[in-house]
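Input: a single structure, listed below in C-alpha cells.
There are 2 protein chains.
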Amino acid sequence: MEKASAGDPWEELRALPMGREVEITDADGRRWIGTVIPHHELSGDRVLQLKLASGYNVGLRIGPGVSYRLRSSPTPAPVDVEHPARSDPGAARGDPVALLTTGGTIASRVDYETGGVRPVRTETELLEFYPDLAADGPVHALPVLDRLSENIVPEDWPVLAEAVRGSFVSGSRGVVIAHGTDTLGFTAAALSYLLPRLPGPVVLVGAQRSPDRPSSDGRSNLAAAVRLARSHEIGEVVVVMHAGLSDDRFAIHRGTRVRKMHSTRRDAFHSPTDGPLGYIEEREIRWVRAPRAPHPGPPSVDGPLDPNGALLWFYPGLAPAQAEAFAHDRRGIILAGTGLGHVGEAHLDWIRRAMDRGAVVGMTTQCLAGAVDPYVYATGRDLVREGVTYLGDMLPETAYVKLLWALGHERDGNRVRRRLVTPIAGDLSERRPVEAFD
Amino acid sequence: MEKASAGDPWEELRALPMGREVEITDADGRRWIGTVIPHHELSGDRVLQLKLASGYNVGLRIGPGVSYRLRSSPTPAPVDVEHPARSDPGAARGDPVALLTTGGTIASRVDYETGGVRPVRTETELLEFYPDLAADGPVHALPVLDRLSENIVPEDWPVLAEAVRGSFVSGSRGVVIAHGTDTLGFTAAALSYLLPRLPGPVVLVGAQRSPDRPSSDGRSNLAAAVRLARSHEIGEVVVVMHAGLSDDRFAIHRGTRVRKMHSTRRDAFHSPTDGPLGYIEEREIRWVRAPRAPHPGPPSVDGPLDPNGALLWFYPGLAPAQAEAFAHDRRGIILAGTGLGHVGEAHLDWIRRAMDRGAVVGMTTQCLAGAVDPYVYATGRDLVREGVTYLGDMLPETAYVKLLWALGHERDGNRVRRRLVTPIAGDLSERRPVEAFD
Numbered sequence: 023m024e025k026a027s028a029g030d031p032w033e034e035l036r037a038l039p040m041g042r043e044v045e046i047t048d049a050d051g052r053r054w055i056g057t058v059i060p061h062h063e064l065s066g067d068r069v070l071q072l073k074l075a076s077g078y079n080v081g082l083r084i085g086p087g088v089s090y091r092l093r094s095s096p097t098p099a100p101v102d103v104e105h106p107a108r109s110d111p112g113a114a115r116g117d118p119v120a121l122l123t124t125g126g127t128i129a130s131r132v133d134y135e136t137g138g139v140r141p142v143r144t145e146t147e148l149l150e151f152y153p154d155l156a157a158d159g160p161v162h163a164l165p166v167l168d169r170l171s172e173n174i175v176p177e178d179w180p181v182l183a184e185a186v187r188g189s190f191v192s193g194s195r196g197v198v199i200a201h202g203t204d205t206l207g208f209t210a211a212a213l214s215y216l217l218p219r220l221p222g223p224v225v226l227v228g229a230q231r232s233p234d235r236p237s238s239d240g241r242s243n244l245a246a247a248v249r250l251a252r253s254h255e256i257g258e259v260v261v262v263m264h265a266g267l268s269d270d271r272f273a274i275h276r277g278t279r280v281r282k283m284h285s286t287r288r289d290a291f292h293s294p295t296d297g298p299l300g301y302i303e304e305r306e307i308r309w310v311r312a313p314r315a316p317h318p319g320p321p322s323v324d325g326p327l328d329p330n331g332a333l334l335w336f337y338p339g340l341a342p343a344q345a346e347a348f349a350h351d352r353r354g355i356i357l358a359g360t361g362l363g364h365v366g367e368a369h370l371d372w373i374r375r376a377m378d379r380g381a382v383v384g385m386t387t388q389c390l391a392g393a394v395d396p397y398v399y400a401t402g403r404d405l406v407r408e409g410v411t412y413l414g415d416m417l418p419e420t421a422y423v424k425l426l427w428a429l430g431h432e433r434d435g436n437r438v439r440r441r442l443v444t445p446i447a448g449d450l451s452e453r454r455p456v457e458a459f460d
Numbered sequence: 023m024e025k026a027s028a029g030d031p032w033e034e035l036r037a038l039p040m041g042r043e044v045e046i047t048d049a050d051g052r053r054w055i056g057t058v059i060p061h062h063e064l065s066g067d068r069v070l071q072l073k074l075a076s077g078y079n080v081g082l083r084i085g086p087g088v089s090y091r092l093r094s095s096p097t098p099a100p101v102d103v104e105h106p107a108r109s110d111p112g113a114a115r116g117d118p119v120a121l122l123t124t125g126g127t128i129a130s131r132v133d134y135e136t137g138g139v140r141p142v143r144t145e146t147e148l149l150e151f152y153p154d155l156a157a158d159g160p161v162h163a164l165p166v167l168d169r170l171s172e173n174i175v176p177e178d179w180p181v182l183a184e185a186v187r188g189s190f191v192s193g194s195r196g197v198v199i200a201h202g203t204d205t206l207g208f209t210a211a212a213l214s215y216l217l218p219r220l221p222g223p224v225v226l227v228g229a230q231r232s233p234d235r236p237s238s239d240g241r242s243n244l245a246a247a248v249r250l251a252r253s254h255e256i257g258e259v260v261v262v263m264h265a266g267l268s269d270d271r272f273a274i275h276r277g278t279r280v281r282k283m284h285s286t287r288r289d290a291f292h293s294p295t296d297g298p299l300g301y302i303e304e305r306e307i308r309w310v311r312a313p314r315a316p317h318p319g320p321p322s323v324d325g326p327l328d329p330n331g332a333l334l335w336f337y338p339g340l341a342p343a344q345a346e347a348f349a350h351d352r353r354g355i356i357l358a359g360t361g362l363g364h365v366g367e368a369h370l371d372w373i374r375r376a377m378d379r380g381a382v383v384g385m386t387t388q389c390l391a392g393a394v395d396p397y398v399y400a401t402g403r404d405l406v407r408e409g410v411t412y413l414g415d416m417l418p419e420t421a422y423v424k425l426l427w428a429l430g431h432e433r434d435g436n437r438v439r440r441r442l443v444t445p446i447a448g449d450l451s452e453r454r455p456v457e458a459f460d
C-alpha cells in the first residue's frame, strides 16, 4: 500500500487517474478493492466508480467517514503498455501482442442519456476498462475501424487483414481483434481466407455485455484472447469467447466454423458441426483437435474479394420470382436450403437461368449443423443436374464469404466452383461424417 | 407358433403377406425373428426381407436347409388397424388415433435404381413398414399430401388443418401427422396458429432415415408420437423426435418453438430458446413445462393465410437494392437480423420506403436463440423509429408463418402488428429473460 487517508477523501479520490487500484472502506466498515473507471453521467456527484476483481462495477458514494488506500499498481499507459505482471510478479515477460479494435460492445459503454450503448471513441477509454490487459507482456493497441459490427461490410475485411499483416511484420507474435459480436463470425471467416499462412495466432474476441455493466464478459474474454495470442501455438484465425456461464472457461472456435447462436448469453458462440477446436481453462490451453501450426515468415493478404455474391435462405412460400429478383445481378449465390440441401421444385427454373448466365450456385443447409448431400432425395439429384454445387458441411455464412473470396480470384465459373469445394482453413470436412448414413 | 417347415421353403415364404411375423433358422442354425417387408429390387431372387424387433432390416437368402415358423400375430390391415396388443396382451385398448400422412422420409423407401429415396406411394406400403403401429389401439390412417416436405407450400397448411379438424370431429382422440423433416417446423408453427383450440394432441413426427434403412428412426418416432397422441394430456401442436442417440428417449417440442438443427442426426430437432416441453422415456411422458390443456368441443380452423409475406436474412454485403427487390411486392417482411435485431444502417432507407407503402416489417434474430431488443444499441433505436416491430424471442421461421396468418386476418398494418406481438401458442415469451442483461 502506498497511501492511506481518512476524513472526507472525495477531492483526492476524484483526482485519481483511470485504472488506479484503490481500496475503499466505508463508514460502516465495508471494504471494496478495485480499479477506478470513468464516472457515469447519471451516477451523481461524489460517486466513485470502481471495477472489482470479479468483473462487477460498483458506484461508491464518498463522504466523511470513508477511508481509502492506494494500492501499488501503477496506472497502465494507453498504448504499448509495459507494466510489471501484477498477479504473478515472477512470470517471464511475454512477447508483444497487437490489439486491433473495430468497435462493438467490447469497446462500448452505456450512454446514460439514451439508456443504450455507444462505442468507446478512444483507445484511452478502452484501456481504462481493461487495466489488466498488459499484465503478462506488452500490448500494442491500434484502432482500425470504429463501428458496430452490423455496419461492417466486405470492403472492410481486407483492411483488417492488412492491419493483421502489418502487426506481424512490425514484430507482434500474435494479434487480437476486438470486434462486435453481431458479425464477428463473418469477419473471422473472411480473415481465414484472406490470411492463408500465419506466423502466429489471430484471435477475434467480443463481448456480449458492455464493459461498464456488472456482468460484462469483455474483460475476461479479452484476457483469454491475449493469453492465446501470446501462446505461439497456432497459425490460424480463431474466435475466443465464454464457453459457458463460468467466468474462467473459454472456447476456441475455428474462424470458418463459428456462429453466434444466442442474442444475449455470454456463451453465445458455437461451432455447430464440430464443436470448438479447444478451450482455455484457468490459464491452460487445451486442444480438442490439432490446430494449424504457425507458418514461418511474414504473412501476405490473399485478396481481393468481389462483393457481387449473395446468400439466400429458402423457406416454404418463397416465390421463385422473389428469389430471382434477389439474385439476378449476382455472379454467385449461396443457398441455405432445407435439410440435406433442398429447395422447392418450383425454384429449378430460375436456378437454371442463373446458371445459364454464368452464375455459380452453391448449396448449404439452414440446419447449420451437418452436411448437405444431393444423392439421397430426387430434389438433390435434380439440383445437381442443373449444376448446383453442394458444399458439404460448410456453414452458409462461411460459404458466402468464401464465394466472395473465390469470385475475387477467378473469372471462370468452374474455377470459382473448384475453390468453393476445396477445403481451406478447416472450413469443410473432406469426408462425409460416418454418422450421416448407415 | 402356428406352423413350422423345413426343406426349401422359398415358395411358401415368398407368398407370405407383408407384416407377417416369422422365425427363420438357416442351415447353420442361426435364427432371426421379424416381420416380412417388401422385397428389394436389387436384393436378388430367393431373398426374404425381414424387419427385426431391433428396427434393423435383414435380407435372408432362402434355400434348402432353411426352416421357418410362422408366429401368431396376424397381418395388420392397411386401414383402421385393430389387432390385439402383441407386446402387452393385458393392456387396455386405447382410443382411436388418426395418422395423417404427407410424404417425407418417414414414408419413403430406398429406390434401388437411383440409390436415392422415393416416397412410399400407398398407405399399404407405409403400414408394411410399421407393423406395430396399432399395438395399443386403433390407428386410422389417412393420406393428405404426398410429397417431400421441401415442396410443401403455405397453401397446404390449411388443407392439413382441415384434415386435423375432420379427424377430431370423426372421433379421434389425438392426431399424428407424418411429415418430411425439412419443413416440419414450419408446418408445426402453421398448425399452431390455424388450430387455436384443440381437444387433444396434434403430434407431428418425421424420420431422418428412411424406414428400410437399418438405423431408421421412423419406427420408434412414430410409436412415441402415437403414444403421446393417445395420452389426452394436451391440447396443442407438438413435434416428437429423437432426443438423443438412444432409441428410447424422445423430445416433445412446442410447434412454435422447434427447428431442425442438423441435416442428418436423428436428434436433429431442437427448441433453441427454451428447450423441449417434455420427454417420452420408456413409455413415460414427462413434462418439463406445463403443456396447454385440451379445449373441450370440436376444433375450428382459424384461417386463412395470406402468402404475401417474406423472410429475409441479413448479412454483411447484402445490398439494400437486393433486399428491396426481394420484398418490394410483399405486405409484410420478417427480417432475421444480427444479434439483438440489427441490420446495417444502409438498409434504413428501403425499410422506410416499405413502411411508407404500408408494409409491416418485423425483426427477429438469426442467432435463433434468445430475444431481440431494440433499446440496447443505436441501430435498434433507429429501426424502431422507422416503425420496425421487434418480435421478442420468436424464431424467424415462426414469425414468418405468424405473419402470413396475421396478414390473412387483417388488412390494417397496425392490426397485423398487434397480432404479431401478441403471444399465441407459446410462440413468444412475454417477459425478457432474466439472464439477458444484468
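Those sequence lines, one after another, are chains A and B.
Under our numbering, think of the first position of the first sequence as 23, with each following residue one higher.
Under our numbering, think of the first position of the second sequence as 23, with each following residue one higher.
For every residue, glycine included, the Cβ atom is placed at its ideal position computed from N, Cα and C.
Straight-line gap, residue i to residue j (C-alpha atoms, nearest Å)
| i | j | result |
| --- | --- | --- |
| L213 (chain A) | V323 (chain A) | 9 Å |
| E432 (chain A) | K424 (chain A) | 12 Å |
| R219 (chain B) | G297 (chain B) | 23 Å |
| R417 (chain A) | P321 (chain A) | The amino acid at residue 417 (chain A) is misidentified as Arg; the sequence shows Leu. One C-alpha to the other measures close to 26 Å. |
| L92 (chain A) | G159 (chain A) | 23 Å |
| G448 (chain A) | L244 (chain A) | 24 Å |
| D236 (chain A) | G266 (chain A) | Going by the sequence as given, residue 236 (chain A) is Pro instead of Asp. Their backbone Cα atoms lie some 17 Å apart in a straight line. |
| I199 (chain B) | V262 (chain B) | 10 Å |
| A246 (chain B) | D434 (chain B) | 43 Å |
| P318 (chain A) | E255 (chain A) | 12 Å |
| L328 (chain A) | G380 (chain A) | Before going on, a small fix: residue 328 (chain A) reads as Asp here, not Leu. Cα-Cα distance, rounded: 15 Å. |
| H264 (chain A) | R288 (chain A) | 6 Å |
| R294 (chain B) | L182 (chain A) | Looking at the sequence shown, residue 294 (chain B) is not Arg but Pro. Computed Cα separation, rounded: 33 Å. |
| I274 (chain A) | R441 (chain A) | 26 Å |
| L21 (chain B) | G202 (chain B) | In the structure as shown, chain B starts at 23 and stops at 460, and residue 21 (chain B) therefore has no counterpart that could be examined. |
| D30 (chain A) | E43 (chain A) | 19 Å |
| P221 (chain A) | I302 (chain A) | 21 Å |
Top-ranked residue by Cα proximity to residue i, from the options
| i | options | result |
| --- | --- | --- |
| T278 (chain B) | B:D270, B:R195, B:P233 and B:L206 | B:L206 |
| M283 (chain A) | B:V80, B:T124, B:A393 and B:G56 | B:A393 |
| H162 (chain A) | A:S171, A:A251 and A:A229 | A:A251 |
| A391 (chain B) | B:T420, B:R407 and B:A343 | B:T420 |
| T127 (chain A) | A:F151, A:S232 and A:A211 | A:S232 |
| P338 (chain A) | A:G325, A:A358, A:L327 and A:G354 | A:A358 |
| T124 (chain B) | B:A229, B:G51 and B:Y215 | B:A229 |
| V166 (chain A) | A:W335, A:L122, A:G81 and A:V58 | A:L122 |
Cross-chain neighbours of residue i in chain A, by beta carbon under 7 Å
| i | result |
| --- | --- |
| I174 (chain B) | P338 |
| E367 (chain B) | N173 |
Where residue i meets chain B, residues with beta-carbon distance less than 7 Å
| i | result |
| --- | --- |
| P329 (chain A) | G339 |
| A290 (chain A) | C389 |
9 Å Cβ cut-off: residues of chain A touching residue i
| i | result |
| --- | --- |
| M283 (chain B) | P294, C389, L390, A391 and G392 |
Beta-carbon neighbours of residue i, restricted to chain A and to distances below 8 Å
| i | result |
| --- | --- |
| D434 (chain B) | Simply none; closest approach about 22 Å. |
| H470 (chain B) | Any answer about residue 470 (chain B) is impossible in this case: the structure gives chain B only from 23 up to 460. |
| L333 (chain B) | W335, Y337 and L340 |
| A183 (chain B) | Going along chain A, no residue has its Cβ under 8 Å from A183 (chain B), so there is no contact; the nearest lies around 15 Å. |
* Does the count of Cβ pairs from the region 402-419 of chain B and the region 374-386 of chain B closer than 8 Å reach three? -> Contact holds: three or more Cβ-Cβ distances are below 8 Å.
* Positions along the region 397-420 of chain A whose CB lies within less than 9 Å of some CB in chain B -> Considering only beta carbons, the part of the region 397-420 of chain A lying closer than 9 Å to chain B consists of Y397, V398, Y399, A400, T401, G402, R403, D415, P418 and E419, in chain order.
* Touch check for the region 191-198 of chain A and the region 117-126 of chain A: three-plus C-beta pairs under 8 Å? -> yes
* To do: Report the residues of the region 197-229 of chain B with a CB closer than 9 Å to any CB of chain A, ordered along the chain.
  => G202, T203, D204, T205, F208, T209 and A212
* Going along the chain, which residues of the region 342-360 of chain A sit with their C-beta nearer than 7 Å to a C-beta in chain B? -> Listed in sequence order: Q344, A347, F348 and T360.
* Asked: Is the region 342-358 of chain A close to the region 345-356 of chain B, with three or more CB pairs under 8 Å?
  -> yes
* Closer than 9 Å, Cβ to Cβ, to anything on chain B: give me those residues from the region 420-431 of chain A, in chain order. => Y422, V423 and L426
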